[in-house]
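In the working numbering, the protein residues as written are 3 to 366. In this text, a Cβ means the ideal position worked out from N, Cα and C, and glycines have one as well.
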């Protein structure tokens, strides 16, 4: 046992100096690493931030040895929802937008149809609806229209057509009151109806009351007057008085306008000349084919018209449709309307103005 203890003591004496040498080496390495790190920090200081922070009332940017008074003022920044944008950039963007968008004045096309439907007594409502759909008209002027008369099914005929044409607007002008309903003229329009008014026309004795239904529609931002009427069928004198009253109403209306209806008078007659003094006849200007509208089975005379006038309105075609369902044939005309205001931006499609709400109803 004593021999083993002496051998361990001798081995401990041999290991002691080796361990001390290792500790010294490790310590020296650590010191060198620390000194190297300090040297790097002194030689290469940390980079400045890439983007200066703007503060109100202070200039921003990297530091400079030049005096502060010689530094040009940095552009002020405007807070636009959390993004700092120099005012000059905002102004350039605004001017660029103004240059890209341009207001324009253009034209549009629409189709009108005038149709005496004889209260749907000569054919069904469905048959008359088919004629209207075939015409591709976007505004329809009707005469001899019933409103909830028991003898024709208690139907609002103008409203019935409007609903089945796609939820259009309609206006009815009462000329005669029966015990169970009304009778008169109407307008059915794809375009929004702005207003409607029915004006009684001159009458003599016991002749049937007549009226002029005036409906203002909004065609892509332009107001257009639509007049539907049905003149007397018994007296030239009454028709002349009625035409004169209509002419005076039209003279006071500055809008583009269309007058359609069953005039019960032939071309170049007294009443027709009165109306044509202020309006143009679409069939005379742009008509094709035969112009006779009555009687429907064997038409011999032209007593149904689509007349027009006012600024920026031109007839481009007109035709009498070979349709059934009534004792009259309908007159169809295509029109070009100017004064349509649009805005075009970077080749985008034109932006149409907002249309007002579409009222419907019955007017006296």
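*asked:* So, with DSSP's three-state summary, where would you put residue 154?
replied: Helix at residue 154.
_Can you tell me whether residue 298 is helix, strand or coil according to DSSP?_
Under the three-state reduction of DSSP output, residue 298 falls in the coil class, being neither helix nor strand.
*Please report the residue range of the alpha helix (DSSP H) in which residue 241 lies.*
Looking at the DSSP string, the run of the alpha helix (DSSP H) that includes residue 241 is 238-253.
_Give me, in chain order, the residues of the same chain whose beta-carbon lies closer than 7 angstroms to that of residue 81; leave out the 5 immediate sequence neighbours on both sides._
Because residue 81 sits at a pLDDT of 49, beneath the cut-off of 50, its placement in the model cannot be relied upon, and the following sentence gives the value as read from the coordinates. For residue 81, where only same-chain residues beyond five positions count, there are no Cβ hits under 7 angstroms.
*Would a C-beta distance cut-off of 8 angstroms place residue 249 and residue 219 closer than the cut-off?*
The criterion of a C-beta distance shorter than 8 angstroms is not satisfied by residue 249 and residue 219.
*Contacting residues, own chain, Cβ-Cβ under 8 angstroms from residue 58 (five flanking each side not counted)*: For residue 58, the predicted structure reports a pLDDT of 37, less than 50, and the residue's modelled location is therefore unreliable. A value from the coordinates is still provided. Excluding sequence neighbours, residue 58 sits near nothing in its chain.
*In chain order, what residues of the same chain have a beta carbon less than 8 angstroms from the beta carbon of residue 150, not counting five sequence neighbours either side?*
Exclusion of the five residues before and after residue 150 leaves 156, 157, 158, 182, 183 and 184 as the residues of its chain whose Cβ lies within less than 8 angstroms of its Cβ.
*Relative to the alpha-carbon of residue 207, which residue among 240, 330 and 317 has its alpha-carbon at the smallest distance?*
It is 240 whose Cα lies nearest to the Cα of residue 207.
*CB residue 172 to CB residue 332, shorter than 8 angstroms?*
No, the pair does not count as a contact, with Cβ atoms beyond the cut-off.
_Identity of the residue in 346, 301, 267 and 328 nearest residue 307 by Cα_ = The shortest CA-to-CA distance from residue 307 to any of 346, 301, 267 and 328 is the one to 267.
_Through-space distance from residue 129 to residue 259, alpha-carbon basis_ = Computed Cα separation, rounded: 29 angstroms.
_Whole-Å CB distance - residue 209 paired with residue 236, under 8 angstroms assumed_ = Beta-carbon to beta-carbon, residue 209 and residue 236 are separated by about 6 angstroms, close enough to satisfy the 8 angstroms threshold.
*Determine contact between the segment 272-289 and the segment 317-335, defined as no fewer than three beta-carbon pairs at a distance below 8 angstroms.*
Three or more Cβ pairs closer than 8 angstroms define a contact, and the segment 272-289 meets that threshold against the segment 317-335.
*asked:* Can you list, in chain order, the residues of its chain with a C-beta nearer than 8 angstroms to that of residue 166? Leave out the 5 residues immediately preceding and following it.
replied: Excluding five sequence positions before and after residue 166, the CB atoms of its chain that fall closer than 8 angstroms to its own CB belong to 131, given in chain order.
*From residue 187 to residue 339, what does the alpha carbon distance come to, in whole angstroms?*
Distance from the CA atom of residue 187 to the CA atom of residue 339, rounded to whole angstroms, is 25 angstroms.
*Determine the extent of the alpha helix (DSSP H) in which residue 204 is found, giving its start and end residues.*
In the DSSP annotation of this structure, residue 204 is not part of any alpha helix (DSSP H), being labelled neither H nor E.
*Given residue 192, which residues of its chain have a CB within under 6 angstroms of its CB, disregarding the five upstream and five downstream residues?*
Residues 140 and 170 of the same chain have their beta carbon placed closer than 6 angstroms to that of residue 192, with the five preceding and five following residues left out of the count.
*asked:* Output needed for residue 124: all residues of its chain with C-beta closer than 7 angstroms, excluding positions within five of it in sequence on either side, in chain order.
replied: Within the same chain, and ignoring the five residues on either side of residue 124 in sequence, the residues whose Cβ sits closer than 7 angstroms to its Cβ are 327, 328 and 329.
*Taking the CB atoms as reference points, tell me whether residue 119 and residue 144 lie closer together than 8 angstroms.*
Yes, the Cβ-Cβ distance between residue 119 and residue 144 is below 8 angstroms.
*So is residue 302 buried or exposed if we call it buried at 16+ other beta carbons inside 10 Å?*
Taking all protein chains in view, the Cβ of residue 302 is surrounded by fewer than 16 other Cβ atoms within 10 Å, so the residue is classified as exposed.
*May I have the straight-line CA-CA distance separating residue 104 from residue 347, to the nearest angstrom?*
Looking at the two C-alpha atoms, the distance is approximately 7 angstroms.
*Please name the residue in 245, 270 and 224 whose C-alpha comes closest to that of residue 263.*
When only C-alpha atoms are compared, the closest one is 245.
*Starting from the C-beta of residue 168, find all residues in its chain whose C-beta is less than 8 angstroms away, skip the five residues before and the five after it, and write them out in chain order.*
Once the five neighbours on either side are set aside, the close Cβ partners of residue 168 are 192.
*Since residue 172 sits in a beta bridge, which residues does DSSP pair it with?*
Beta-bridge analysis with DSSP links residue 172 to 190.
*6 angstroms CB neighbourhood of residue 121 in its chain, flanking five on each side removed*: Excluding residues within five positions, the ones whose Cβ falls inside 6 angstroms are 146, 148 and 154.
*Between 106, 313, 366 and 278, which lies nearest to residue 225 when the distance is taken from Cα to Cα?*
Selection 106, 313, 366 and 278 evaluated against residue 225 yields 313 as nearest (Cα-Cα).
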